[in-house]
């Protein structure tokens, strides 16, 4: 990961957009843009034109990709507030497509409670902490087209 | 879906590549290419360069996208052999990322048995038939980086 982000700018939206577009070229090609980032929630957007399928609605692969980027960014930002040496990777995910997505794509990942508190104890017991997350996907008007649950691993790299 | 494909060319690889690149622009942007298509299996490929993440390995979103395209194509091709008026959509999917994917991305979807046989009875009882599928993902040398299970809905459009 590029080091645009220090512990003190963990929720700087412009810096995270710069980072994902630089480090993950697919996000730039698909027009993915982070639109909100707080310690409790992240949101992102992508244009339908680049992410359309043969039925004229959101492509299943793009919907998932927008969701995983949104979740990864939220967990990565939270990890930055704890340690500047964390690596966040997706471990597993489930997505349920409920209805066609007709419009530009929007994703919203939300945290309940304060998960970071348990990361410390997980780091003491295991090599990585594990954080599940729910991500809702749809359009600006309604986030009901798809629902994802994704689990991310937060690996703390010990400094020598 | 564009109508490049008749019932008699259901497994024509070039026609399916043309169809996905035209109908789903994300597949063209990510360099996804179908490499094999038979009644039992579909395989696809994508270059690491366009699908890399900040760790220098395959991006989680791209791995999923390659998998869902591979599975969708296999089910869509099988559907063509039964009816020229089927619409195939992803219903839900689970992906487990087992290890980093270091190289160009490869996906392989395989069918066991003859699922299409049950589609007819499902169509008689429901609006859509449902077909689960397993998709293995990795590199040319080893398909062990990730495993997906995806369920597709096959909607038969009745002609008036």
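Protein chains in written order, with my numbering: chain A, 10 to 169; chain B, 10 to 169. Built from N, CA and C at the ideal position, the CB exists for glycine as well.
Test: residue i CB closer than 8 Å to a CB of chain A
i: residue 144 of chain B; result: no
i: residue 63 of chain B; result: yes
i: residue 166 of chain B; result: no
i: residue 34 of chain B; result: yes
i: residue 110 of chain B; result: no
i: residue 11 of chain B; result: In this prediction, residue 11 of chain B scores a pLDDT of 45, lower than 50, which makes its location untrustworthy; the coordinate-derived value is nonetheless stated afterwards. It does: the Cβ of residue 11 of chain B has a partner Cβ on chain A nearer than 8 Å.
i: residue 99 of chain B; result: yes
i: residue 114 of chain B; result: no
Beta-carbon spacing of residue i, residue j below 8 Å
i: residue 117 of chain B; j: residue 144 of chain B; result: yes
i: residue 75 of chain B; j: residue 41 of chain B; result: yes
i: residue 82 of chain A; j: residue 43 of chain A; result: yes
i: residue 113 of chain B; j: residue 54 of chain B; result: yes
i: residue 51 of chain A; j: residue 77 of chain A; result: no
i: residue 148 of chain B; j: residue 110 of chain B; result: yes
i: residue 153 of chain A; j: residue 96 of chain A; result: no
i: residue 99 of chain B; j: residue 135 of chain A; result: no
i: residue 25 of chain A; j: residue 88 of chain A; result: no
i: residue 137 of chain B; j: residue 164 of chain B; result: yes
i: residue 59 of chain B; j: residue 35 of chain A; result: yes
i: residue 68 of chain B; j: residue 33 of chain A; result: yes
Any chain B beta carbon closer than 8 Å to residue i
i: residue 151 of chain A; result: no
i: residue 74 of chain A; result: yes
i: residue 78 of chain A; result: yes
i: residue 70 of chain A; result: yes
i: residue 60 of chain A; result: yes
i: residue 22 of chain A; result: no
i: residue 104 of chain A; result: yes
i: residue 118 of chain A; result: no
DSSP-derived helix/strand/coil call for residue i
i: residue 163 of chain B; result: strand
i: residue 47 of chain B; result: coil
i: residue 24 of chain B; result: helix
i: residue 11 of chain A; result: Unreliable placement is indicated for residue 11 of chain A, whose pLDDT of 46 sits below 50; the coordinate value is still reported in the next sentence. Correct three-state label for residue 11 of chain A: coil.
i: residue 123 of chain A; result: coil
i: residue 52 of chain A; result: strand
Residue i Cβ short of 7 Å to the ligand SAH heavy atom set
i: residue 107 of chain B; result: Although the ligand SAH was asked about, the structure shown includes no ligands whatsoever.
Paired residues, beta bridge with residue i - DSSP
i: residue 19 of chain A; result: Bridge partners of residue 19 of chain A: none, in fact.
i: residue 118 of chain B; result: B:51, B:144
Mind pulling the beta strand (DSSP E) runs of 3 or more residues that sit fully within the region 54-116 of chain B? The qualifying runs are 95-106.
Would you list, in sequence order, the uninterrupted beta strand (DSSP E) runs of no fewer than 3 residues that lie entirely inside the region 128-157 of chain A? Fully enclosed beta strand (DSSP E) runs of 3 or longer: 137-147.
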